[in-house]
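*Asks:* Going by this note's numbering, the sequence shown opens with residue 1, and the numbers climb by one from there. Note that CB positions come from ideal geometry on N, CA and C, so glycine has one too.
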Amino acid sequence: MANRDILAIGTSAGGFEALRFLAKELPGDLPAAILVVIHLPSQFRSDLDAILTQTGPLAASFAQEGEAFQRSHIYIAPPERHLLVAGDRLQLGKGPRENNARPSIDPLLRSLALCCAARSIGVVLTGTLGDGASGLQALKMSGGVAVVQDPSDAAYAEMPATALSRAKPDHVVRLADMPLLLQKLVREPAGTPVP
1 MANRDILAIG TSAGGFEALR FLAKELPGDL PAAILVVIHL PSQFRSDLDA ILTQTGPLAA
61 SFAQEGEAFQ RSHIYIAPPE RHLLVAGDRL QLGKGPRENN ARPSIDPLLR SLALCCAARS
121 IGVVLTGTLG DGASGLQALK MSGGVAVVQD PSDAAYAEMP ATALSRAKPD HVVRLADMPL
181 LLQKLVREPA GTPVP
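#1: Among 36, 6, 62, which has the Cα closest to the Cα of residue 206?
#2: If we cut at 8 Å on Cβ distances, does residue 101 have a partner in chain B?
#3: Pairing CB atoms from the region 5-22 with CB atoms from the region 166-174, are three or more of them under 8 Å?
#4: So what's residue 126 in DSSP terms, helix, strand or just coil?
#5: Under a Cβ-count criterion, where at least 16 other Cβ atoms within 10 Å of its own Cβ denotes burial, should residue 135 be classed as buried or exposed?
#6: From this set, 155, 122, 33, which residue's C-alpha is nearest residue 168's C-alpha?
#7: Using the C-alpha atoms, what's the distance from residue 94 back to residue 6?
#8: Do you know offhand how far residue 127's Cα is from residue 178's?
#9: Using DSSP with H/G/I as helix, E/B as strand and the rest coil, what is residue 120?
#10: Taking C-alpha atoms, which residue in 27, 92, 87, 71 lies nearest to residue 78?
#11: State the DSSP-derived secondary structure class of residue 84, mapped to helix, strand or coil.
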């Protein structure tokens with residue numbers, strides 16, 4: 001039986017360090033593709049793939065239009081493009097900014113809700129405002145697993161607190177406990193799609 005092989009992570013303020021921690025702690029043979037949306041000033045975006053690759057055992061790259069995603073790899077939304085999924089391919093959207101951001105977390109999670117929720121795990125980490133909350137809710141309602149960083153543990157609590165109140169996640173955990181939880185979740189059988 002197939003496992004949950006898509007791990008979508010969204011973050012904003014404070015997210016750079018959170019992503020570095022996860023990249024360091026997740027194993028190189030993780031049986032899932034990791035899709036990342038982060039709101040960062042543009043000077044960080046150009047080096048984020050190299051930084052994450054050097055931090056841990058997983059290779060990281062900026063997503064390319066039409067690229068087939070692979071397990072054990074980190075794909076990062078490039079500047080000014082929404083990262084979307086259609087089947088087993090990545091798409092880059094030029095749609096309007098959402099939650100004052102492009103890339104935005106909500107479009108990624110909504111695309112997973114439409115195409116492959118039963119295979120997906122959505123994660124909302126530290127950040128400001130409410131990006132990711134409605135997308136995480138859609139993903140969960142469609143059969144995906146919703147994970148939120150404990151707001152009391154986040155560098156910026158607003159984004160995980162909003163996701164917690166709107167999406168009613170399956171798991172609320174401290175960042176230190178997230179690598180073990182995610183390793184467990186990606187090895188579970190994929191769920192049943194919800195129409």
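*Replies:* Quick answer:
#1: What the structure shows of the chain is the stretch from 1 to 195, and residue 206 is not part of that stretch, so it cannot be assessed.
#2: Looking for chain B here will not work: only one protein chain is present.
#3: Verdict: no, contact absent.
#4: Shown here, residue 126 sits in coil according to DSSP, grouped into three states, outside any helix or strand.
#5: Counting Cβ neighbours within 10 Å, residue 135 comes out buried, since at least 16 surround it.
#6: By alpha-carbon distance to residue 168, the top candidate from 155, 122, 33 is 122.
#7: Whole-angstrom Cα-Cα distance: 22 Å.
#8: Between the alpha carbons of residue 127 and residue 178 lies a gap of roughly 16 Å.
#9: DSSP places residue 120 within a strand segment (E or B) once states are collapsed to three.
#10: Of 27, 92, 87, 71, the residue nearest in Cα terms is 92.
#11: Correct three-state label for residue 84: strand.
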